[in-house]
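Visitor:
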Amino acid sequence: MKYYMPVRLYDEKDCVVRHADDIANVGRKALIVTGRRSAFLNGAFDDLISALSSGGVSYLVFSEVEENPSTDTVLSAAARFAGEGVDMVIGIGGGSAMDAAKAIALLLRHPGAGLDYLYDPDKSPEALPVICVPTTCGTGSEVTGVSVLTRHDKKTKISMVHKVFPVLSLIDGKYLKNAPHSLIVNSSVDALAHLYESLLNQKADDYVKMTAFAGLGMWSLTRDVLTGKRECTDEDRSYLMRSSAIAGMSIAQSGTSIPHALSYTITYDLGIAHGMAAGFFLPGFIALAPGKERKEILNLSGFADTDELTSFIANASGGINIPDDELEKAYEKVRNNEAKMKSASFDIDEKTLRDIVWYMI
Ligand SMILES: [Fe+2]
Numbered sequence: 003m004k005y006y007m008p009v010r011l012y013d014e015k016d017c018v019v020r021h022a023d024d025i026a027n028v029g030r031k032a033l034i035v036t037g038r039r040s041a042f043l044n045g046a047f048d049d050l051i052s053a054l055s056s057g058g059v060s061y062l063v064f065s066e067v068e069e070n071p072s073t074d075t076v077l078s079a080a081a082r083f084a085g086e087g088v089d090m091v092i093g094i095g096g097g098s099a100m101d102a103a104k105a106i107a108l109l110l111r112h113p114g115a116g117l118d119y120l121y122d123p124d125k126s127p128e129a130l131p132v133i134c135v136p137t138t139c140g141t142g143s144e145v146t147g148v149s150v151l152t153r154h155d156k157k158t159k160i161s162m163v164h165k166v167f168p169v170l171s172l173i174d175g176k177y178l179k180n181a182p183h184s185l186i187v188n189s190s191v192d193a194l195a196h197l198y199e200s201l202l203n204q205k206a207d208d209y210v211k212m213t214a215f216a217g218l219g220m221w222s223l224t225r226d227v228l229t230g231k232r233e234c235t236d237e238d239r240s241y242l243m244r245s246s247a248i249a250g251m252s253i254a255q256s257g258t259s260i261p262h263a264l265s266y267t268i269t270y271d272l273g274i275a276h277g278m279a280a281g282f283f284l285p286g287f288i289a290l291a292p293g294k295e296r297k298e299i300l301n302l303s304g305f306a307d308t309d310e311l312t313s314f315i316a317n318a319s320g321g322i323n324i325p326d327d328e329l330e331k332a333y334e335k336v337r338n339n340e341a342k343m344k345s346a347s348f349d350i351d352e353k354t355l356r357d358i359v360w361y362m363i
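In short: position in the sequence shown from 1, add 2, done, that's my numbering.
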């Protein structure tokens, strides 16, 4: 067994400002990588600027990261900021910003590196140090080395082969305060998928179980918020962020499995949010799990049985409609991916994969 989680993590109110010294210890000139809007509206960007100023750290800003960032975006950012003397990269936002930050940090460390570098396992994985400040509650990117990027040349999303773990992550539930309910639901379903897929995984050892079981219990505490039964409190926001980080620690060890693999085509072609695209395949996946494991996992996350999970996903997604030819396409891609077909802890063949894909229809 192996357990690797090299991230210094602070999870507390106002931690970005409170740990200005930790940020200043990582580097002297930062490239801040973020999207166009949310980090500027939820207060995270302002907190970061005040922390950098108090630590005497200078910075540049790249705020053009799109949802499901493409390799084109990270390559153009790296080209733009090469030669600026940046010595750390700070990803602030959801998974898109943090994943882009990791790829840009890798590219900046190897001037002139192109698209091939991101996908060549023989190249050095060394990157500029990365700091993450998550402002959504699903990706877990703040505790993983994974960077999932959109490949327009292949019409899907593919993780770069190199693992770039952040050296420091600062987690504060307050950044969820003004987040739309739909974003919280989408990202929490992503976290749930990470927990299920890490547990029902070939690589689910005792260390994966340690984090994933804890994550399921914490995730269940906020279920009534996700279904709209009650208002979201500050405590809920902390639990939402924390269960997402714990889920991230689980997939950092095990990787994801069938629902995530199926989701990428759906997100690329139809623009369905990542969490919901993975969530769509979750009930079919869990329905196939051995009875005892299935019951334990469902109950820990607050569901009596697969039907209850299915209704939760159906309600949360607002009844997403995925055309049959699109499901067929996702099915074919995963069917031909030998590693993914073997990633679950139970046998998946062509027939059972079909059952997973069409379970919600
Ligand atoms: Fe995910």
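All C-beta atoms, glycine included, are put in the ideal place defined by N, C-alpha and C.
Taking E233 as the reference, which of N27, P71, N180 and K104 has the closest Cα?
Guide: Nearest C-alpha to E233: N180.
Visitor: In this structure, does DSSP put K165 in helix, strand or coil?
Guide: Note: K165 maps to coil in three-state DSSP.
Visitor: Can you name, in chain order, every residue of its own chain whose Cβ lies under 6 angstroms from the Cβ of V336, other than the five neighbours on each side?
Guide: A263, L264 and K342, listed in sequence order.
Visitor: Do D124 and ligand 1 come close, with the Cβ less than 6 angstroms from some heavy atom?
Guide: Every heavy atom of ligand 1 is 6 angstroms or more from the Cβ of D124, so no.
Visitor: Should D101 be listed as close to ligand 1, given that the test is whether its C-beta is under 6 angstroms from any heavy atom?
Guide: No, since every heavy atom of ligand 1 falls outside the 6 angstroms radius drawn around the Cβ of D101.
Visitor: List the residues that DSSP assigns as beta-bridge partners of N203.
Guide: Its beta-bridge partners are A346.
Visitor: Note down, in chain order, each residue of its chain lying with its Cβ closer than 7 angstroms to the Cβ of E86, except the 5 sequence neighbours on either side.
Guide: Excluding sequence neighbours, E86 sits near L62.
Visitor: Which of helix, strand or coil does DSSP assign to K157?
Guide: Coil, per DSSP.
Visitor: Excluding sequence positions up to five away, which residues of its chain have a Cβ less than 6 angstroms from the Cβ of I92?
Guide: The residues are A32, I34 and I133.
Visitor: So, P131 versus M100, is the Cβ gap smaller than 7 angstroms?
Guide: Cβ atoms of P131 and M100: not closer than 7 angstroms.
Visitor: Do C139 and L242 have their CB atoms nearer than 7 angstroms?
Guide: It is a contact, given that the beta carbons lie within the stated cut-off.
Visitor: State the Cα-Cα distance for the pair H276 and E14, rounded to the nearest angstrom.
Guide: Approximately 27 angstroms between the Cα atoms of the pair.
Visitor: From G97, V169 and T308, pick the residue whose C-alpha is nearest to that of V28; which is it?
Guide: It is V169 whose Cα lies nearest to the Cα of V28.
Visitor: Have a look at P285 and V88 and give me their C-alpha separation to the nearest angstrom.
Guide: Answer to the nearest angstrom: the Cα atoms are 45 angstroms apart.
Visitor: L178 lies in the beta strand (DSSP E); which residues open and close that run?
Guide: Element bounds for L178: n/a, residue is neither H nor E.
Visitor: Rounded to whole angstroms, what is the Cα-Cα separation between S347 and A306?
Guide: Rounded to whole angstroms, S347 to A306 spans 22 angstroms at the Cα level.
Visitor: Along the chain, where does the beta strand (DSSP E) containing A32 start, and where does it finish?
Guide: Taken as a continuous stretch (DSSP letters only), the beta strand (DSSP E) holding A32 covers K31 to T36.
Visitor: Starting from V28, trace the beta strand (DSSP E) both ways and give me its first and last residue.
Guide: First-last for V28: A22 to V28, but that is the alpha helix (DSSP H), not the beta strand (DSSP E).
Visitor: Just checking D192 against ligand 1 - is the residue's beta carbon closer than 6 angstroms to any of the ligand's heavy atoms?
Guide: For ligand 1, at least one heavy atom lies less than 6 angstroms from the Cβ of D192.
Visitor: How should N339 be labelled, buried or exposed, when 16 other C-beta atoms within 10 angstroms of its C-beta is the threshold for buried?
Guide: Exposed, by the Cβ-count rule.
Visitor: Where does the unbroken beta strand (DSSP E) through L11 begin, and where does it stop?
Guide: Looking at the DSSP string, the run of the beta strand (DSSP E) that includes L11 is R10 to D13.
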